[in-house]
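S.K.: Just dropping this structure here.
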Amino acid sequence: MLSIAVNVLRSPAMVAVPVFHLVGRVEYIKRTVIVRDHQHRRAAKLRQSGIDSSRLRIRPGGYSLHSIPFPVRYDRVKTFWRSIFSGLSARKAAQSLPALLLVLLVAGCPAKKPEVGTLQGKVVIKGSNTFGEELARGIIEEYRKEQPNVVFDLESEGTASGFAALLAGQCDLAAASRAANKDELEAARTRGIELNDQVIGYYGVAVIVNPRNSVAKLKSAQVRDIFTGGIQNWKAVGGLDAPIHLYIRDAVSGTHLGFRELAMENKPYAAGAQTFTNYAQLAAAVAQDPNGIGYSSMSLADRAGVKELPIDGMPATVTSVNEDRYPYSRTLHLYTNKARETPVTKDFVRFVQSKRGQRIVGEMGFVRRFEPRFDLHSGD
6 MLSIAVNVLR
16 SPAMVAVPVF
26 HLVGRVEYIK
36 RTVIVRDHQH
46 RRAAKLRQSG
56 IDSSRLRIRP
66 GGYSLHSIPF
76 PVRYDRVKTF
86 WRSIFSGLSA
96 RKAAQSLPAL
106 LLVLLVAGCP
116 AKKPEVGTLQ
126 GKVVIKGSNT
136 FGEELARGII
146 EEYRKEQPNV
156 VFDLESEGTA
166 SGFAALLAGQ
176 CDLAAASRAA
186 NKDELEAART
196 RGIELNDQVI
206 GYYGVAVIVN
216 PRNSVAKLKS
226 AQVRDIFTGG
236 IQNWKAVGGL
246 DAPIHLYIRD
256 AVSGTHLGFR
266 ELAMENKPYA
276 AGAQTFTNYA
286 QLAAAVAQDP
296 NGIGYSSMSL
306 ADRAGVKELP
316 IDGMPATVTS
326 VNEDRYPYSR
336 TLHLYTNKAR
346 ETPVTKDFVR
356 FVQSKRGQRI
366 VGEMGFVRRF
376 EPRFDLHSGD
């Protein structure tokens, strides 16, 4: 049972923020409306509250209203409340409530879907191997059932190469396994480019070893020390007395940097680690080396002839990633140059984020953008 009361607050820092009073157990709110302050001061706290703040598009100097679906975990409601009210005095909050009490549940108003077969053109996508090697083919094939006159040119050379191509005007969409970093955002601003970031799903970075390796699990501290060179022999983590061989992605890969952030405290990789330009080659090398260890997306690891190791007792699965229990989780994005968006690129992004597109994301072993959560608590 769900009871929702929505209070709209208005202050210099915050405009129209719904505050939910939850009764009983909540599994999924299909669509609701959130308005954020234009300075993005609460983005990190909103993410901690289980809300995908990257879907809240705020233009500099103004406010934006967006209808988005998102899952709500009951145990995170207090964190959400704290993030909403942080920075507001009790007096301002109290003054806002009587005058601005509203009930606000607004269904989304998506762009009109084009008729089947009416679009034509070419879409150039560059960037993430995770998207290009694993998701793109299935999504493109399904999309072309609706729009057979649209053709695609796909290059998967890593997230960094996708951003570089987008900023240089060499592609329509940049696929990324991470958000644009500060250097890429600054480069876009310098060129007068407004990047449009659309989240299309999530995945876990699985730590993989050879199936013959006797090690069955690792702690996150052990993973850090292995990939930074602090641990160089399998015996130190309960395995055989044998040297550890590291296999990693090349520097242009979003996961190369992302894994450093998630697992290595941003420390450099150990000297001597062998690099690969795609996950398939990396996984194949680990599958042939009894002393090898590397990483790949969890969906590829399932079918690459390697063994995935649980980290801190938690395997990389759709459920563990969705519930934020697996420590190495990543976000998949599609970026456009807003000024150069075409009806075709807009419709393709719409399709990827649609129910039909997200079904493919789930079928390929990834986590859908708004996967319902069922790990709710009825406590305080």
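To get this note's numbering, take the position in the sequence shown, counting from 1, and add 5.
Using N, Cα and C, we set each Cβ at its ideal position, and we do this for glycine too.
Predicted model only: the values in this text are computed from it and were never measured.
(1) Can we say the segment 142–156 touches the segment 355–366, given the rule of at least three CB pairs closer than 8 Å?
(2) Pick helix, strand or coil for Asp-352, following the three-state DSSP scheme.
(3) Looking at Leu-267: is its Cβ nearer than 8 Å to the Cβ of Tyr-333?
(4) Rounded to whole angstroms, what's the CA-CA distance from Asp-255 to Thr-322? Just pull it up for me.
(5) Just the Cα atoms here: how many angstroms apart are Leu-245 and His-261?
(6) For Arg-395 and Ser-219, I'd like the C-alpha separation in whole angstroms.
(7) Output needed for Lys-312: all residues of its chain with C-beta closer than 8 Å, excluding positions within five of it in sequence on either side, in chain order.
(8) Does DSSP put Asp-80 in a helix, a strand or coil?
(9) What number of angstroms, rounded off, separates the C-alpha of Val-372 from the C-alpha of Met-303?
(10) Between Gly-122 and the rest of its own chain, which residues show a CB-CB distance below 7 Å, the 5 nearest in sequence each way excluded?
(11) Give me, in chain order, the residues of the same chain whose beta-carbon lies closer than 8 Å to that of Ile-253; leave out the 5 immediate sequence neighbours on both sides.
(12) Measuring CB to CB, does Asn-186 end up less than 8 Å from His-250?
(13) Count the other C-beta atoms from every protein chain shown that fall within 10 angstroms of the C-beta of Gly-384, then say buried if there are 16 or more, exposed otherwise.
(14) Leaving aside the five residues before and after Gly-367 along the sequence, list all residues of the same chain whose C-beta is less than 8 Å from its C-beta, in chain order.
(15) Thinking just about the alpha-carbon of each residue, which of Glu-160, Pro-119, Gly-370 is nearest to the one in Ser-133?
(16) For Thr-336 and Gly-167, what's the separation of their Cα atoms in angstroms?
(17) Helix, strand or coil for Arg-87, going by three-state DSSP, please let me know.
(18) Pull up the distance between the alpha-carbon of Val-242 and that of Leu-178, whole angstroms please.
(19) Taking all protein chains shown into account, do 16 or more other C-beta atoms lie within 10 angstroms of the C-beta of Gln-203, making it buried, or fewer, making it exposed?
(20) In the DSSP assignment, find the unbroken alpha helix (DSSP H) run with Leu-159 in it and report its ends.
(21) Smallest Cα separation from Ala-184: which of Thr-164, Leu-172, Phe-157, Gln-293?
(22) Could you tell me if Thr-341 is buried or exposed, where buried requires 16 or more neighbouring beta carbons within 10 angstroms of its beta carbon?
(23) Using 10 angstroms around the beta-carbon of Lys-131, count the other beta-carbons present and answer buried if the total reaches 16, otherwise exposed.
(24) Leu-339 to Asn-238, Cα distance in whole Å?
(25) How is Met-303 classed by DSSP in three states: helix, strand or coil?
(26) Mind listing, in chain order, the continuous alpha helix (DSSP H) runs of no fewer than 4 residues lying wholly within the segment 305–341?
(27) What is the DSSP secondary structure of Thr-280, counted as helix, strand or coil?
(28) Would Gly-126 and Thr-347 qualify as a contact pair, given that the criterion is a beta-carbon distance under 8 Å?
M.R.: Put simply:
(1) As far as the Cβ criterion goes, the segment 142–156 touches the segment 355–366, which means the pair count is three or higher.
(2) Your numbering for residue 352 matches position 347 in the sequence shown. Helix at Asp-352.
(3) Here residue 267 refers to the residue found at position 262 when the sequence shown is read from its first residue. Here residue 333 refers to the residue found at position 328 when the sequence shown is read from its first residue. Against a cut-off of 8 Å, the Cβ pair of Tyr-333 and Leu-267 comes out as a contact.
(4) By one-based count along the sequence shown, residue 255 stands at place 250. By one-based count along the sequence shown, residue 322 stands at place 317. Going from the Cα of Asp-255 to the Cα of Thr-322 covers about 25 Å.
(5) Residue mapping note: residue 245 aligns to position 240 of the sequence shown, counting from 1. Residue mapping note: residue 261 aligns to position 256 of the sequence shown, counting from 1. Taking the straight line joining both Cα atoms gives about 27 Å.
(6) Residue 395 falls outside the range modelled here, since the chain spans only 6 to 385, and no answer is possible.
(7) As a position in the sequence shown, residue 312 is number 307, starting the count at 1. Ile-213, Val-214, Asn-215, Pro-216, Asn-218.
(8) Within the sequence shown, residue 80 is the residue found at index 75, counting from 1. Any reading at Asp-80 must be qualified, since the residue scores a pLDDT of 38, below 50, and its modelled position is unreliable; the value itself is stated next. If DSSP states are grouped into helix, strand and coil, Asp-80 belongs with the helices.
(9) The residue labelled residue 372 in the question sits at position 367 within the sequence shown. The residue labelled residue 303 in the question sits at position 298 within the sequence shown. C-alpha separation (whole angstroms): 10 Å.
(10) Translated into the one-based positions of the sequence shown, residue 122 becomes position 117. Within the same chain, Gly-122 has close Cβ partners Gln-152, Pro-153, Asn-154.
(11) As a first step, residue 253 is located in the sequence shown; it is residue number 248 there, counting from the start. These residues qualify, in order along the chain: Phe-232, His-261, Phe-264, Tyr-274, Ala-278, Gln-279, Thr-280, Phe-281, Leu-287, Gly-299, Tyr-300.
(12) If you number the sequence shown from 1, residue 186 lands on position 181. If you number the sequence shown from 1, residue 250 lands on position 245. With respect to His-250, Asn-186 sits apart: the two C-beta atoms are not nearer than 8 Å.
(13) Indexing the sequence shown from 1 puts residue 384 at position 379. Any reading at Gly-384 must be qualified, since the residue scores a pLDDT of 38, below 50, and its modelled position is unreliable; no value is offered.
(14) Along the sequence shown, one-based indexing puts residue 367 at 362. Same-chain partners within the cutoff: Val-323, Arg-373, Glu-376.
(15) As a position in the sequence shown, residue 133 is number 128, starting the count at 1. Looking at the Cα atoms, Glu-160 is the closest of the given residues.
(16) The count along the sequence shown starts at 1 and reaches residue 336 at position 331. The count along the sequence shown starts at 1 and reaches residue 167 at position 162. Cα to Cα, Thr-336 sits roughly 15 Å from Gly-167.
(17) If you number the sequence shown from 1, residue 87 lands on position 82. Per-residue confidence for Arg-87 stands at a pLDDT of 43, beneath the threshold of 50, marking its modelled position as unreliable; the derived number appears in the next sentence. The answer is helix: DSSP assigns Arg-87 an H, G or I state.
(18) Residue numbering aside, residue 242 sits at position 237 when the sequence shown is read from its first letter. Residue numbering aside, residue 178 sits at position 173 when the sequence shown is read from its first letter. For Val-242 and Leu-178, the distance between alpha carbons rounds to 42 Å.
(19) The residue given as residue 203 occupies position 198 in the sequence shown. Buried, because 16 or more other Cβ atoms sit within 10 Å of the Cβ of Gln-203.
(20) What you label residue 159 is simply residue 154 of the sequence shown in a count that begins at 1. Segment 155–160 is the beta strand (DSSP E) holding Leu-159; no alpha helix (DSSP H) there.
(21) Walking along the sequence shown from the start, residue 184 turns up at place 179. When only C-alpha atoms are compared, the closest one is Thr-164.
(22) The residue given as residue 341 occupies position 336 in the sequence shown. Burial call: buried.
(23) The residue you call residue 131 lines up with position 126 of the sequence shown. Classification for Lys-131: buried.
(24) Residue numbering aside, residue 339 sits at position 334 when the sequence shown is read from its first letter. Residue numbering aside, residue 238 sits at position 233 when the sequence shown is read from its first letter. If you take the alpha carbons of Leu-339 and Asn-238, they lie about 40 Å apart.
(25) Residue 303 sits at position 298 when you count from the first residue of the sequence shown. DSSP places Met-303 in helix when its eight states are reduced to three.
(26) 323–327
(27) On the sequence shown, residue 280 is found 275 positions in, with the first residue counted as 1. Reduced to three states, the DSSP call for Thr-280 is strand.
(28) The residue you call residue 126 lines up with position 121 of the sequence shown. The residue you call residue 347 lines up with position 342 of the sequence shown. Yes, the Cβ-Cβ distance between Gly-126 and Thr-347 is below 8 Å.
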